[in-house]
Amino acid sequence: MASFLLRKIRRELDSLTSSQLIIVLFLLTFFLLLPLGSILYKGFVVGNHFSLAYVEQTFKDPQMIKIPPNTALMKFTQIYRFKLLPNGSRALIPINILAIGSEGPDFGYILNSIFVSTSVMIFASIIGVIAAFIIARYDFPGKNVFRVLLFIPLLATPFVNAYVIGKVLGTSGLVNYLLNNVFHLPYKLVISGLPAVIIIQTLSFFPIVYMNVLSSIINIDPSMEEQAENLGAHGLKLFRTITFPLSLPGLASGATLVFVFSMEDLGAPIGLAGAFGNGLHTHLMSFYVFSQFQQAYSLSLVNPEAYIVATIMLTIATIGFIIIKKYVSLRQYAMLSKGGRWSPRLSRPKWLGLAGVYAFMTLLVITASFPQFGVIVLSLTNWATSGPLPTHLTPNYILALVEKPGVVQAIKNSATYSGLAIAITVLLGTSAAYIVARRNITGREAIDVLATIPIVIPGIIIAVGFLVFFGSLFPNTLFDPFINPGTLLIFTYTVRRSPFLTRSVFAGLQQTHVSLEEAAMNLGASRTRTFFSITIPLVAANVIGGSILSFVYMMNETSTSLILGSHQPSQGPITFLMSQVIYGSGQVSAVSIAAALGVLLMTLQIIAIAVSNYILKQRVAFLGV
Amino acid sequence: MVNVKLVNVTKRFGRVVAVNKVTLVAEHGEFFTLLGPSGCGKTTTLRIIAGLEYADEGKIIFDDTDVTDLPPYKRGTGMVFQNYALWPHMTVFDNIAYGLKIKKLPKDEVRRRVKEVLDLIKLTGMEDRYPTQLSGGQQQRVALARALVVEPKVLLLDEPLSNLDAKLRVEMREEIQRIQKKLGITAIYVTHDQEEAMVISDRIAVLNQGTVMQVGTPQELYKRPRNLFVATFLGRYTIAEGLVKEVSSEGLVLLHTPAVKLLGIVTSPEIRLKEGDKAVAIIRPHAFKFHEPQTKSSPITGVIEWVSYLGPYYEARLKVGKLSFLMTVDPSIKVEVGMKLTVYVHPEDIVIFPAKALREESYGAELK
Ligand SMILES: Nc1ncnc2c1ncn2[C@@H]1O[C@H](COP(=O)(O)OP(=O)(O)O)[C@@H](O)[C@H]1O
Ligand SMILES: [Mg+2]
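Residue numbers (the numbering used here), protein chains in the order written: chain A, 609 to 1233; chain B, 53 to 420.
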């Protein structure tokens, strides 16, 4: 038996498999497992002993869990303002301010995060399911326009979009301008705090549910619904009993992703802080960890509770990953990505239905994509300084992208880090995908999990892990995060974004019959030669498509860029600069430069999505986990 | 050209035993076929020979060399895959030349040999096409050429004709046989089509549920099936159940069925029947004689209940009690529905098996 195992190991570990295993295990151990492990070490080891002291301290900290919670949702105040009357005299008139979220709710950082993520998940699911069902089952003029517009909220413009929303919803924002100056009503509405975070995140994350549910519905064999109709089910009943249950895998994975993304999001709290100043919208786990590590020039200054909070986030993310895995296994993923093989079941709504569909879709598309349009306006006009509405166009902010040395440097930094990271990612992603798809070795499942789990692991957690691990063990080297954050950013980008490429290559391998590779080996080609002359050319489209997506996500990467970048601003990438400008700098017009950078990122994303859709001939690979 | 030996080869996939203690030898230059129903382990056996799958137990030997642990690229087999596995990113020429380039042959020799093999498979002039620009039959030929051009020790073919239409299938099987004989190469061929196997093979191994049921020439398998599975898997037949009345010293068995008395033979020394045992008789359609022969034979009298014209001959069913015998009838003999008729079957054409084989699970499904 032992000799049989030995023979098996000798057979399976040819030179290709051994090299690939070494690459994958080295990268994932050093740049994922050990950094994450060192967070746990910091949180649970006190003076060489395992200890729950910090856990206890964290849970007793009234900042973390507020007892009793503040459940106030809104506050009325009245202010008086002089108003010019038609007869020329001035009168003091009252204005009623309804402030939502400024005083409460507040449950403490930990529970706030859970409350926000849960709410975002629920609202995003409701909106996403309705939108997916309408797009999948109804045919109406202009449908394709809506389909495209529904992608806009996914275009990431970190911080600036939240700033735009803040600007629109703020005391002197667009909404109140309309209320006071156009409709002459004595009311003001101000939304901030947790409700504002929920609104912003729902609007930017619902497309994830929408896309996952849509691909589930499209992949339902029409005969299933036809059979149910044949038995007398129709309309809502058909939806409730057949269509909806069959699309549950898509909903489950979409909703879980939304929960995790909402929990780790820094864009909304930082953007809102830029618009309203610090407030309850920053009382979230993600922001807490961020602020602890952004300010710390030495790890000894960090409150140990930050490690416990990080562990909580890591645990929630891991649970989310398990849920997604359970619902959408890799195999199903391959099926999903093939897209509709059946002729779709479409119906034309009657005029009342049609009116409903248009009303819903129009409202959704406008509210969900105005931040992106706002960013464009911000970058092209003087809106940042002009009050509720812009007054004139200016090319200055776009020109700053190529003229201002600091801005140019940030763009260069981003491109360099992402370019190098892509090279490593191709090595890591093709190796991991090949081992998982083609090699039958022990521990294959573990590699599969390690290579894909970074999709859900919050970036801040990875950044903190890097600070702790490399900061304590590699001081004054190329890997010292306080001196050379740029080097480490290359590896955080690799680890965080490689799952997109791994996924894409894996899907390609699943769709390529293994006999094509076996035929080469049968003719005398070693596994290495087969890999390079047959396998890689056959999945080239997936490698390229996956690389493009990964590259764009790297350019957009926020959380690790922010935390690591803050220790050497000259090495900071685009997103770091944007956060500085929005949150840090007092110079208001600089917001417009951040907007210009946002426009640059959006452009890159649109090009990348278009090109990779063209190459991969599929839409779903993009966020399907 | 080698002889290929499998010794006690077993392969499991989880709890499924795909190949169960298989021992076989394919001789030098022999056309050897693995035949059996779908899922019986033919492909797995072939892949184990190619090294694409490793046996859990047992040995694979080419001539005197133990290749059990050799990777596929060191075995020197030429495999033709069921789906052809032509590389879509290479032309016909590059597909065929691939194996030669691996061997680092000089360019002009590669050219010459590709051209030779293209002549052999009658595809001259197609070098620059891509696989997607070829018809199914042409793709099949390219796959064959790609395997042959490296002059493999043994040619392995996994249901190579299953994706072709019926007419092309007949053409190609003759072609494959012609090329194999011309090159004198050992070939191991996998199919589930018993007619194809009979036509093409020197010898056949019949497999069922991973086990070898019988190995022999097509004639042996057809005339002397050693078990009920082989008897019923190959060719058409009528089955009659009854009680053993007598076992003679020459080994002839007299079987009393409710309708007729049949005198038949036993094909395997492992089959032991005695008076009173339940048994079944298998009779092929062509075994029925219409004139009483000089030698001992079993007369069967019944009424024709169905006649069908099939070109060179008729098929008819003769009803006797609850039994219905399927016979082929020479057109010179006039039969019509309702006619009363007596036919005669020689003992050599009636093969008797114990009836319990019929109840054994493994046969149940095949008998339907
Ligand atoms: N890679 C595999 N994993 C699991 N089971 C397999 C695998 N390959 C074959 N089998 C099982 O082994 C048995 C024999 O398969 P196969 O050799 O392909 O049969 P055949 O070619 O005779 O149709 C079948 O039950 C099949 O399901
Ligand atoms: Mg098979």
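Note that the Cβ used here is the ideal one computed from N, Cα and C, for glycine as well.
These numbers were taken from a predicted model, which means no experiment stands behind them.
{"Asked": "Presumed contact (8 Å Cβ cut-off) between residue 902 of chain A and residue 1174 of chain A, rounded CB distance", "Found": "5 Å"}
{"Asked": "Under the three-state DSSP convention, the category residue 959 of chain A falls into", "Found": "helix"}
{"Asked": "Neighbour flag for residue 627 of chain A against chain C, beta carbons, 7 Å", "Found": "Here the protein chains are A and B, and chain C is not one of them."}
{"Asked": "Cβ-based contacts, 7 Å cut-off: residues of the region 134-165 of chain B near chain A", "Found": "135, 137, 139, 141, 150, 151, 154, 155"}
{"Asked": "Outcome for residue 618 of chain A when other beta-carbon atoms lying within 10 angstroms are tallied against a minimum of 16", "Found": "exposed"}
{"Asked": "Chain A contact for residue 274 of chain B (CB, 7 Å cutoff)", "Found": "no"}
{"Asked": "Expected contact under 8 Å - CB spacing of residue 81 of chain B and residue 236 of chain B to nearest Å", "Found": "5 Å"}
{"Asked": "Reference residue 347 of chain B, options B:336, B:315, B:326, closest by Cα", "Found": "B:315"}
{"Asked": "Residue-level contact to chain B via CB, residue 1145 of chain A, 7 Å cutoff", "Found": "yes"}
{"Asked": "Cβ-based neighbour list, residue 956 of chain A, same chain, cut-off 6 Å, excluding 5 preceding and 5 following", "Found": "747"}
{"Asked": "Alpha helix (DSSP H) segments (min. 4 residues) lying fully within the region 256-304 of chain B", "Found": "270-275, 280-285"}
{"Asked": "Residue-level contact to chain B via CB, residue 615 of chain A, 7 Å cutoff", "Found": "yes"}
{"Asked": "Check: residue 814 of chain A C-beta below 6 Å from any heavy atom of ligand 1", "Found": "no"}
{"Asked": "Short Cβ contact (7 Å threshold) for residue 679 of chain A with residue 643 of chain A", "Found": "no"}
{"Asked": "Within-7 Å CB hit, residue 1129 of chain A to chain B", "Found": "yes"}
{"Asked": "Neighbourhood of residue 339 of chain B by C-beta distance below 6 Å, restricted to the same chain and skipping five residues each side", "Found": "397, 401"}
{"Asked": "CA-to-CA distance, residue 289 of chain B to residue 104 of chain B, given in whole angstroms", "Found": "38 Å"}
{"Asked": "Status (buried if at least 16 other CB within 10 Å, exposed otherwise) for residue 1161 of chain A", "Found": "buried"}
{"Asked": "Own chain, CB closer than 8 Å to residue 703 of chain A, minus 5 neighbours either side, in chain order", "Found": "686, 687, 688, 689, 788, 794, 795, 796"}
{"Asked": "Endpoints, beta strand (DSSP E) assigned at residue 77 of chain B", "Found": "68-78"}
{"Asked": "Rounded straight-line distance, which links the Cα of residue 378 of chain B to that of residue 19 of chain B", "Found": "Nothing about residue 19 of chain B can be read from this structure; chain B reaches only from 53 to 420."}
{"Asked": "Which of helix, strand or coil DSSP assigns to residue 190 of chain B", "Found": "helix"}
{"Asked": "Residue 243 of chain B beta carbon near ligand 2 (any heavy atom closer than 6 Å)", "Found": "no"}
{"Asked": "Contacts that residue 98 of chain B makes with chain A (C-beta to C-beta distance below 9 Å)", "Found": "Ordered by position in chain A, no residue passes the 9 Å Cβ test against residue 98 of chain B, which lies about 11 Å from the chain."}
{"Asked": "Cβ neighbours of residue 59 of chain B in the same chain (closer than 6 Å, five flanking residues each side left out)", "Found": "75, 110, 111"}
{"Asked": "Distance cut-off 6 Å: residue 65 of chain B Cβ against heavy atoms of ligand 1", "Found": "yes"}
{"Asked": "Where residue 1046 of chain A meets chain B, residues with beta-carbon distance less than 7 Å", "Found": "Ordered by position in chain B, no residue passes the 7 Å Cβ test against residue 1046 of chain A, which lies about 12 Å from the chain."}
{"Asked": "Residue 825 of chain A versus residue 810 of chain A - alpha carbon distance", "Found": "22 Å"}
{"Asked": "C-beta neighbour in chain A for residue 182 of chain B, strict 7 Å", "Found": "no"}
{"Asked": "Helix, strand or coil at residue 335 of chain B [DSSP, three-state]", "Found": "strand"}
{"Asked": "Residue 1121 of chain A: contacting residues in chain B (beta-carbon distance under 9 Å)", "Found": "133, 135, 137"}
{"Asked": "Boundaries (first-last residue) of the alpha helix (DSSP H) holding residue 803 of chain A", "Found": "801-826"}
{"Asked": "Any C-beta of chain B under 7 Å from that of residue 1126 of chain A", "Found": "yes"}
{"Asked": "Residue from B:275, B:256, B:211, B:172 with nearest C-alpha to residue 230 of chain B", "Found": "B:172"}
{"Asked": "Local Cβ density within 10 Å of residue 364 of chain B, reported as buried at 16 or more and exposed below that", "Found": "exposed"}
{"Asked": "7 Å Cβ cutoff, residue 1134 of chain A in contact with chain B", "Found": "yes"}
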